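In this note's numbering, the protein residues as written are 17 to 416. Even for Gly, the Cβ is constructed at its ideal location relative to N, Cα and C. Predicted, not measured: the structure shown is a model, and the values here were computed from it. Just below is one structure, and these are the notes that go with it.
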């Protein structure tokens with residue numbers, strides 16, 4: 017049976033020419049994951065493990081006669097494409113090989129998304145002016161210790177809504193750690209966009225609205241009339257995980273400035289009385305005034321001060337869907353919005369929640385493709401003027 021993804025290995029030779037070879041016909045399985053497990057975490061570099069049939073020792077690095085030999089080494093590029101869209105691109109970290117007495121042999125490699133490079137890049141001491149978060153990110157990416165490409169698609173950096181304080185960073189400041197400080201200060205999202213092979217920064221001005229055409233996942237064949245493309249059917253799933261949890265409940269928020277000179281505390285006494293005190297510390301925020309620190313603390317206390325009934329994840333049998341729907345799924349990226357609708361065991365009213373995708377996983381073998389989407393709830397949807405779904409007064413919040 018066919019493998020419903022294309023696996024390509026590549027590298028740039030000594031003359032700078034791009035060399036590639038497809039290994040789809042040799043691929044036994046693909047197991048990949050991109051994203052994070054909860055909203056308060058940072059997006060980690062995605063990872064993939066690919067298993068290849070190695071019966072003829074074609075992927076043995078000591079087999080100089082193999083057509084695959086130049087690619088069987090760490091730090092080569094791997095691209096995985098499904099339905100015309102990249103679902104993973106990164107660099108191979110290591111290869112491993114297994115053989116058994118029955119003659120079966122497999123080669124496998126593990127790879128990490130390119131954004132992981134930033135974890136090993138450092139900046140020299142320098143002074144930054146007061147500037148919006150998007151400008152600060154570009155300044156970091158331009159640093160000689162980073163030198164992230166400015167080619168088409170390599171950067172998708174939002175302008176930012178937060179004015180970051182002027183500061184001088186220390187020598188050997190880790191690039192990824194500092195970018196995460198900016199991400200926290202903006203309350204945005206920084207991740208690798210597999211479709212464009214570039215780093216993406218979504219600022220806090222990104223809001224859910226009916227016109228964006230986000231997907232509806234449902235267990236009842238609902239037609240998508242209220243948002244997205246009118247008349248477009250919802251996407252079926254075969255498993256849903258729901259919880260009522262205090263996992264992300266924090267009713268005492270302490271926000272500390274980057275220089276250690278200021279901090280603020282926001283509390284919810286009612287929540288503390290009902291559930292006891294649970295504190296969240298937010299450190300290194302690149303603001304210098306207590307008023308702006310207070311705004312961030314107030315936003316977080318509203319989002320996290322109570323337990324939540326939440327849709328954690330859904331699993332989709334991609335193999336069973338038509339080609340157009342498979343393509344819609346392949347296009348999905350981290351931080352995209354969606355809606356999930358379900359009626360437990362067909363009893364009572366349907367439950368519908370707005371969600372944001374925080375993790376995308378694929379398990380692919382010949383004739384099988386299972387995709388899991390993990391979500392964060394859209395806890396404080398912003399009011400969108402003139403929007404049929406998100407423009408309702410007394411329902412959504414104005415942006416801070």
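Discussion item. Whole angstroms are fine: how far does the CA of residue 206 sit from the CA of residue 58?
Written reply: 8 Å
Item to complete: Would you decide whether residue 54 is buried or exposed? Buried here means 16 or more other CB atoms lie within 10 Å of its CB.
Response: exposed
Worksheet item: For residue 200, which of helix, strand or coil comes out of DSSP?
Response: helix
Worksheet item: How long is the line joining the alpha carbons of residue 100 and residue 341, rounded to whole angstroms?
Response: 13 Å
Practice prompt. Quick one: give me the first and last residue of the alpha helix (DSSP H) that residue 347 is part of.
Written response: 339-347
Item to complete: Between the Cα of residue 47 and those of 196, 70, 382 and 220, spot the shortest distance and give me the residue it belongs to.
Response: Per the Cα distances, 382.
Item to complete: Look up residue 139 in the DSSP assignment and give the residues it is bridged to.
Response: DSSP lists 189 as partners of residue 139.
Worksheet item: If we count Cβ pairs, one from each stretch, closer than 8 Å, do we get three or more for the stretch 255-269 versus the stretch 318-336?
Response: yes
Discussion item. Here's the rule: buried if 16 or more other CB atoms are within 10 angstroms of the residue's CB, otherwise exposed. What is residue 354?
Written reply: buried
Worksheet item: How long is the line joining the alpha carbons of residue 213 and residue 113, rounded to whole angstroms?
Response: 29 Å
Worksheet item: Okay, do the stretch 136-146 and the stretch 83-91 touch, 3+ Cβ pairs below 8 Å being the bar?
Response: no
Fill in: Segment limits, alpha helix (DSSP H) that includes residue 311
Counted as a single uninterrupted DSSP element, the alpha helix (DSSP H) harbouring residue 311 occupies residues 306-320.
Fill in: Alpha-carbon spacing of residue 129 relative to residue 387, whole angstroms
18 Å
Worksheet entry | Which of helix, strand or coil DSSP assigns to residue 8 | Because residue 8 is not part of the residues shown, which for the chain are 17 to 416, the question remains open.
Worksheet item: What residues are listed by DSSP as bridge partners for residue 171?
Response: Beta-bridge pairing links residue 171 to 215.
Practice prompt. Identify whether residue 178 lies in helix, strand or coil by the three-state DSSP scheme.
Written response: coil
Fill in: Reference residue 63, options 390, 377 and 147, closest by Cα
377
Worksheet item: Excluding the five sequence neighbours on either side, which residues of its own chain have a C-beta within less than 6 Å of the C-beta of residue 71, listed in chain order?
Response: Cβ neighbours of residue 71 beyond the five flanking positions: 121.
Worksheet item: When the Cα atoms are used, what is the spatial distance from residue 221 to residue 369?
Response: 21 Å
Worksheet item: Would you call residue 149 buried or exposed, if buried means 16 or more other Cβ atoms sit within 10 Å of its Cβ?
Response: buried
Worksheet item: Does the Cβ of residue 284 have 16 or more other Cβ atoms within 10 Å, making it buried, or fewer, making it exposed?
Response: buried
Discussion item. Counting beta carbon pairs with one atom in the stretch 264-277 and one in the stretch 345-363, are three or more of them shorter than 8 Å?
Written reply: no
Worksheet item: Which residue or residues does DSSP assign as beta-bridge partners of residue 165?
Response: Per DSSP, residue 165 has no beta-bridge partner at all.
Fill in: With 16 other Cβ atoms within 10 Å as the buried cut-off, status of residue 34
exposed
Worksheet item: DSSP puts residue 255 in a beta bridge; with which residues?
Response: DSSP, once it has assigned bridges, lists 331 as partnering residue 255.
Worksheet entry | C-alpha gap between residue 22 and residue 317, whole angstroms | 45 Å
Worksheet entry | Endpoints, alpha helix (DSSP H) assigned at residue 288 | 285-291
Worksheet item: Looking at residue 259 and residue 326, is the spacing between their C-beta atoms short of 7 Å?
Response: Result yes, Cβ atoms of residue 326 and residue 259 sit closer than 7 Å.
Worksheet entry | Buried versus exposed, by CB contacts within 10 Å (16 or more), residue 198 | buried
Worksheet entry | Proximity of residue 105 and residue 95 at Cβ, strictly below 7 Å | yes
Worksheet entry | DSSP three-state assignment for residue 250, whether helix, strand or coil | Coil.
Worksheet item: Exposed or buried, which one is residue 61 when buried takes at least 16 other CB atoms within 10 Å?
Response: buried
Worksheet item: Taking the alpha carbon of residue 208 as the point to measure from, which residue in 312, 81, 50 and 305 has its own alpha carbon closest?
Response: 50
Worksheet entry | residue 124 versus residue 371 - alpha carbon distance | Their backbone Cα atoms lie some 35 Å apart in a straight line.
Discussion item. One question on the structure: do residue 178 and residue 202 come within less than 7 Å of each other, judged by their Cβ atoms?
Written reply: It is a contact, given that the beta carbons lie within the stated cut-off.
Item to complete: Report the residue from 142, 18 and 302 whose alpha carbon sits nearest the alpha carbon of residue 196.
Response: 302
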